[in-house]
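Chemist: To convert, note that position 131 of the sequence shown is 164 in the working numbering; the numbers rise steadily by one, no gaps.
Just so you know, even glycine gets a beta-carbon here, dropped at the ideal spot from N, CA and C.
I have a structure here, written as structure tokens, and I will follow up with some questions on it.
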Amino acid sequence: MLFYDHESEIVSAVAAYVHEGLQAGDTVLLVTTEGHHQAVIESLQDRGVDVLGARAAGRLDLRDARTMLDSLRTGGQLDLEAFEAAIGAVIAAATAVGTHLRIYGEMVGLLWEEGAVSDAVALEGAWNGVLAGLEASLLCAYPTALLAPTGLSGVRETCLLHSEVLAPTAYRSPGPVTDTLKPDRETDGAPDGETDEGSDESPVTEAATAQRTEVFVPTTTAVTAARRFVGATLEHWGLDHLVPDALLLVSEMATNAVLHAGSPFRVFIHRSPGVLHLSVRDAQRGWFEQGTPSAVEVNGRGVSIVEALADRWGCDAVSDGKVVWAELPTEA
């Protein structure tokens, strides 16, 4: 499962995946959207792949994701039996020569784009069922722009259906996370579905207030990306003196979301007069609890670190998970 920020990112990744498979003697089924189809073919040709020859030899099967998805709907509803029959026939033909099958698909991404998260999760499960017991591998891709509208629970369910989650390249790149400082990420009100967790006051709307939010996928590199997001935001706001403590706080809260909750998470930073509010929301119900590490153990000290650094902190239950929050005074 691959998340990406930019079209060039996914085109390059898919072309590399297909090229590697063809070189290994695999049969490849490529189910792409119209927007990616030609770009992937051109990238394969740039890598020296004889696309026409591979198709003629039955080694490369190209399908349109939108056309295939529409054919699997009955009365506007996703028909999983139709999927199993149609994909089963395609897979049978592709594996007739006895080679390993490599699949890349974008139908689930289209369902995410439509907001049909339950259908997307069901289709992912159906893919796993069809491929069970076969010599096959499946790669799906999702644009990070859909993370926020999909919701943490939907993203988590989808991630759990995959053996591996690959973060966008921005997570591993130096500098601010992609699009971190765009104006549309800084608002006066809380992000959709979010409130100023842990505060008893109404949202502040003075000019001195601002906030930013970003959703991260459940990978270890997401913790580093969240740190860069927070650091860049505070520097942008002229709160450089808070960066060291804020980075420690978000590190502990994000690590809890990834390692203990196994969940995507939303980082929310809110600045109001005198106070910086920092929170991490994940899709796992429960609490941010104190561990009992021994003197030589490194992990399990997150709560102690948060307690030591924050003026106030807490863990609040929400409908689909929890929010861990902490506050720092903004005065230098």
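Do you know how far the Cα of L55 is from the Cα of R88?
Modeler: Translated into positions along the sequence shown, residue 88 becomes position 55. Translated into positions along the sequence shown, residue 55 becomes position 22. Distance from the CA of R88 to the CA of L55, rounded to the nearest whole angstrom, comes to 11 Å.
Chemist: Roughly how many angstroms separate the alpha carbons of T266 and V250, rounded to a whole number?
Modeler: Residue 266 sits at position 233 when you count from the first residue of the sequence shown. Residue 250 sits at position 217 when you count from the first residue of the sequence shown. If you take the alpha carbons of T266 and V250, they lie about 19 Å apart.
Chemist: In the DSSP assignment, what are the bridge partners of G354?
Modeler: Numbered from its first residue, the sequence shown carries residue 354 at position 321. DSSP output for G354 lists V351 as bridge partner(s).
Chemist: Which term fits P297, buried or exposed, when burial requires 16 or more other beta carbons within 10 angstroms of its beta carbon?
Modeler: As a working note, residue 297 is residue 264 in the sequence shown. Buried is the call here.
Chemist: Starting from A98, trace the beta strand (DSSP E) both ways and give me its first and last residue.
Modeler: Start at 1 with the first residue of the sequence shown, and residue 98 comes out as number 65. Careful: A98 lies outside any beta strand (DSSP E), inside the alpha helix (DSSP H) at A98 to S104.
Chemist: With a CB to CB cut of under 8 Å and the five nearest residues on each side skipped, what residues in its chain are close to V154?
Modeler: For the purposes of this step, residue 154 is taken as residue 121 along the sequence shown, with counting starting at 1. Cβ neighbours of V154 beyond the five flanking positions: G187, E190, T191 and L194.
Chemist: Is it the case that the region 60 to 80 contacts the region 129 to 149, given that we only count it when at least three CB pairs across the two stretches are under 8 Å?
Modeler: Touching, yes, given that three or more Cβ pairs across the two stretches are closer than 8 Å.
Chemist: Could you check if R345 is buried or exposed, using at least 16 other CB atoms within 10 Å of its CB as the buried criterion?
Modeler: Position 312 of the sequence shown, counting from 1, holds the residue named residue 345. Exposed: under 16 other Cβ atoms inside 10 Å.
Chemist: I'd like to know whether the C-beta atoms of V163 and E114 end up nearer to each other than 8 Å.
Modeler: Position 130 of the sequence shown, counted from the start, is the residue given in the question as residue 163. Position 81 of the sequence shown, counted from the start, is the residue given in the question as residue 114. No, Cβ-Cβ distance for V163 and E114 is not below 8 Å.
Chemist: Please work out which residues of its chain come closer than 7 Å, Cβ to Cβ, to W145, disregarding the five sequence neighbours upstream and downstream, and give them in chain order.
Modeler: As a position in the sequence shown, residue 145 is number 112, starting the count at 1. Excluding sequence neighbours, W145 sits near A153, Y175, L179 and T183.
Chemist: Is it right to say Q244 is buried, meaning 16 or more other beta carbons lie within 10 angstroms of its own, or is it exposed?
Modeler: Translated into the one-based positions of the sequence shown, residue 244 becomes position 211. Buried.
Chemist: Could you check where the beta strand (DSSP E) with H70 kicks off and where it finishes?
Modeler: The residue labelled residue 70 in the question sits at position 37 within the sequence shown. Unbroken run through H70 is the alpha helix (DSSP H), E67 to D79; no beta strand (DSSP E).
Chemist: For the beta strand (DSSP E) that contains Q244, what are its first and last residues?
Modeler: Reading the sequence shown from its first residue, position 211 is the one you call residue 244. Here the beta strand (DSSP E) through Q244 covers A243 to F249.
Chemist: Is the Cβ-Cβ distance between S172 and Y37 less than 8 Å?
Modeler: As a working note, residue 172 is residue 139 in the sequence shown. As a working note, residue 37 is residue 4 in the sequence shown. The identity of residue 172 in the sequence shown is Leu, whereas the question assumes Ser. Cβ atoms of L172 and Y37: not closer than 8 Å.
Chemist: Run through DSSP, which three-state label would H293 get?
Modeler: For this step, residue 293 is matched to residue 260 along the sequence shown. The answer is helix: DSSP assigns H293 an H, G or I state.
Chemist: Using the three-state DSSP reduction, which class does L167 fall into: helix, strand or coil?
Modeler: On the sequence shown, residue 167 is found 134 positions in, with the first residue counted as 1. Correct three-state label for L167: coil.
Chemist: For H69, count neighbouring C-beta atoms within 10 Å of its own C-beta (all shown protein chains included) and say buried if the count is 16 or more, exposed if not.
Modeler: Taking the first residue of the sequence shown as position 1, residue 69 is located at position 36. H69 is buried by the Cβ-count criterion.
Chemist: I believe A181 touches T252 by the beta-carbon criterion, under 8 Å. Please report the beta-carbon distance rounded to the nearest angstrom.
Modeler: The residue given as residue 181 occupies position 148 in the sequence shown. The residue given as residue 252 occupies position 219 in the sequence shown. Contact flag wrong, Cβ pair sits at about 17 Å.
Chemist: Looking at V351: is its Cβ nearer than 8 Å to the Cβ of R299?
Modeler: Start at 1 with the first residue of the sequence shown, and residue 351 comes out as number 318. Start at 1 with the first residue of the sequence shown, and residue 299 comes out as number 266. For V351 and R299, no; Cβs fall outside 8 Å.
Chemist: For the beta strand (DSSP E) that Y137 lies in, which residues bound it at each end?
Modeler: Here residue 137 corresponds to residue number 104 of the sequence shown, with the count starting at 1. Run containing Y137: L134 to G138, per the beta strand (DSSP E) assignment.
Chemist: Under the rule that 16 or more other beta-carbon atoms within 10 Å means buried, what is S76, buried or exposed?
Modeler: Along the sequence shown, read from residue 1 onward, the residue named residue 76 stands at position 43. S76 is buried by the Cβ-count criterion.
Chemist: Among C348, H293, H310 and G295, which one has its Cα closest to the Cα of L280?
Modeler: Looking up residue 280 in the sequence shown gives position 247. When only C-alpha atoms are compared, the closest one is H310.
Chemist: If I'm right that V150 touches A98 with Cβ under 8 Å, what's the distance once you round it to whole angstroms?
Modeler: The count along the sequence shown starts at 1 and reaches residue 150 at position 117. The count along the sequence shown starts at 1 and reaches residue 98 at position 65. Contact flag wrong, Cβ pair sits at about 17 Å.
Chemist: Using beta-carbon positions only, say whether D353 and L185 come within less than 8 Å of one another.
Modeler: For the purposes of this step, residue 353 is taken as the residue at position 320 of the sequence shown. For the purposes of this step, residue 185 is taken as the residue at position 152 of the sequence shown. The answer is yes: Cβ separation under 8 Å.
Chemist: Could you pull out every residue in the same chain whose Cβ sits closer than 7 Å to the Cβ of V198, ignoring the five residues on either side in sequence?
Modeler: In the sequence shown, the residue the question calls residue 198 occupies position 165. Excluding residues within five positions, the ones whose Cβ falls inside 7 Å are M34, C192, V250, P251 and T252.
Chemist: If we ignore side chains and look at the alpha-carbon of each, how far apart do G86 and T128 end up?
Modeler: The residue you call residue 86 lines up with position 53 of the sequence shown. The residue you call residue 128 lines up with position 95 of the sequence shown. Straight-line Cα distance between these residues: approximately 18 Å.
Chemist: R261 by DSSP, collapsed to three states: which one?
Modeler: Position 228 of the sequence shown, counting from 1, holds the residue named residue 261. The answer is helix: DSSP assigns R261 an H, G or I state.
Chemist: By Cβ distance below 8 Å, which residues in the same chain neighbour L156 in space, the five residues on each side in sequence not counted?
Modeler: To locate residue 156, count along the sequence shown from 1; it is residue 123. So the list reads L111, L113, F116, M140, V141 and L144, once near-sequence residues are dropped.
Chemist: Restricting to Cα atoms, I'd like to know which of E53, A359, V84 and K355 is closest to I338.
Modeler: Translated into the one-based positions of the sequence shown, residue 338 becomes position 305. Nearest of E53, A359, V84 and K355 to I338, Cα basis: A359.
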